[in-house]
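Below: one structure, written as structure tokens.
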Amino acid sequence: MSTATRVMIVGAKGRMGEALVRLAKQDPRLALAAAVDRGDDLAKAIGECDALIEFAQHAATPDVAKLAAERGKALVIGTTGHTAEERKAIAAAAEKIPVVFAPNFSIGVNLLFHLTRIAAETLGENYDEEVVEMHHRQKLDAPSGTARRLGEILAEAAGGSYEDLTQHGRHGDVGARPKKIIGMHALRGGDVVGDHTVHFANIGERIELTHRASSRDTFASGALRAAIWARAQKPGLYSMQDVLGLK
Ligand code: NAD
4 MSTATRVMIV GAKGRMGEAL VRLAKQDPRL ALAAAVDRGD DLAKAIGECD
54 ALIEFAQHAA TPDVAKLAAE RGKALVIGTT GHTAEERKAI AAAAEKIPVV
104 FAPNFSIGVN LLFHLTRIAA ETLGENYDEE VVEMHHRQKL DAPSGTARRL
154 GEILAEAAGG SYEDLTQHGR HGDVGARPKK IIGMHALRGG DVVGDHTVHF
204 ANIGERIELT HRASSRDTFA SGALRAAIWA RAQKPGLYSM QDVLGLK
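Heads up: the sequence shown begins at 4 in the numbering used here, then just goes up one per residue.
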């Protein structure tokens with residue numbers, strides 16, 4: 004094993020890809036083995052790397068995961084918005100290689116996940132829960148992967164599933180708020196890198212947990228840290244909580 008972790012960036016021409024390439028070049032613990040984007044031959048580029056880092060588009064992930072599994076490379080997936088079928092392809096790859104799959108690689112957001120679980124378990128069922136996120140106008144999927152994860156944590160704490168408990172937006176004659184739902188709301192505009200707030204509201208008091216990202220570098224440096232970590236792991240599906248030792 005050479006000391007520097009050789010990474011291949013998939014989606015290298017995108018907003019996240021640009022940050023990943025720039026930071027990988029600056030970090031002595033890393034070597035940039037390849038930077039590929041749509042139309043490039045991934046199978047050809049993969050040879051020299053220890054880990055792939057994909058921040059591209061959800062439909063691209065199954066092929067990237069299959070290729071990484073065939074070649075025995077660690078894989079870091081930052082892409083969001085996957086379908087159930089695409090998630091299955093990620094799980095299948097994780098049987099053969101270490102995969103770190105996280106909707107958000109920032110350390111602050113992973114602490115937000117941790118605090119959200121504690122708050123939900125402590126406050127209990129009498130608090131109405133709503134997740135509000137805001138992102139830049141170019142974002143393609145909604146809700147954000149981070150908001151989805153927050154919704155999953157709230158659903159787990161309530162003993163239910165994300166699919167059953169979440170309600171996305173409100174419009175028209177909706178009536179009084181049912182007790183057992185998790186409200187999900189996505190705002191889009193300008194150049195917002197990523198804001199997430201979890202609201203817990205009861206009669207007489209309200210708690211809000213908020214994280215705001217102001218630079219993509221926070222996600223990119225977390226993903227690069229995950230690639231260094233993943234290279235030394237056994238096959239399996241890991242989260243950023245595993246990388247940070249928050250579990
Ligand atoms: P972007 O549109 O700026 O960049 C995506 C890039 O991927 C583009 O250059 C595109 O050409 C390329 N691409 C698309 N299909 C490809 C394929 N099949 N093979 C190779 N390259 C391909 O988007 P972005 O803002 O960089 O975000 C990319 C993804 O990362 C999104 O899903 C976004 O939600 C997610 N994201 C995750 C985190 C996190 O921390 N997990 C943070 C920010 C963004």
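Virtual Cβ for every residue (Gly too), placed ideally from N, Cα, C.
DSSP state of residue i mapped onto helix, strand, coil
| i | result |
| --- | --- |
| residue 117 | helix |
| residue 170 | strand |
| residue 185 | strand |
| residue 111 | helix |
| residue 124 | helix |
| residue 131 | strand |
| residue 177 | coil |
| residue 159 | helix |
| residue 154 | helix |
| residue 68 | helix |
| residue 245 | helix |
| residue 254 | Residue 254 falls outside the range modelled here, since the chain spans only 4 to 250, and no answer is possible. |
| residue 250 | coil |
| residue 91 | helix |
Any non-hydrogen atom of the ligand COA within 7 Å of residue i CB
| i | result |
| --- | --- |
| residue 61 | Ligands in the displayed structure: the ligand NAD; the ligand COA is not one of them. |
Sheet register partners of residue i (DSSP bridge)
| i | result |
| --- | --- |
| residue 149 | According to DSSP, which records beta bridges pairwise, residue 149 is partnered with nothing at all. |
| residue 104 | 80 |
| residue 137 | 190 and 198 |
Proximity test, Cβ basis, 8 Å: residue i and chain D
| i | result |
| --- | --- |
| residue 97 | This model lacks chain D altogether; it includes just one protein chain. |
Complete alpha helix (DSSP H) runs within the segment 199-240 (minimum length 4 residues, chain order): 220-233
At 3 residues or longer, what runs of the beta strand (DSSP E) sit wholly inside the segment 6-62? 8-13, 33-39 and 54-57
Please confirm if the segment 55-62 is in contact with the segment 223-230, defined as three or more CB-CB distances below 8 Å between the two stretches. yes
Counting beta carbon pairs with one atom in the segment 226-243 and one in the segment 92-110, are three or more of them shorter than 8 Å? yes
If we count Cβ pairs, one from each stretch, closer than 8 Å, do we get three or more for the segment 119-129 versus the segment 74-85? no
Please confirm if the segment 210-221 is in contact with the segment 63-70, defined as three or more CB-CB distances below 8 Å between the two stretches. no
If you pair each beta-carbon of the segment 169-180 with each one of the segment 105-117, do three or more pairs fall below 8 Å? no
Cβ contact check for the segment 135-142 and the segment 103-112: 3 or more pairs under 8 Å: no
Between the segment 87-95 and the segment 193-205, do at least 3 Cβ pairs fall closer than 8 Å? no
How do the segment 175-189 and the segment 151-166 stand: do at least 3 beta-carbon pairs fall below 8 Å, yes or no? yes
Taking contact to mean 3 or more Cβ pairs, one atom from each stretch, closer than 8 Å, check whether the segment 36-56 and the segment 11-27 are in contact. yes
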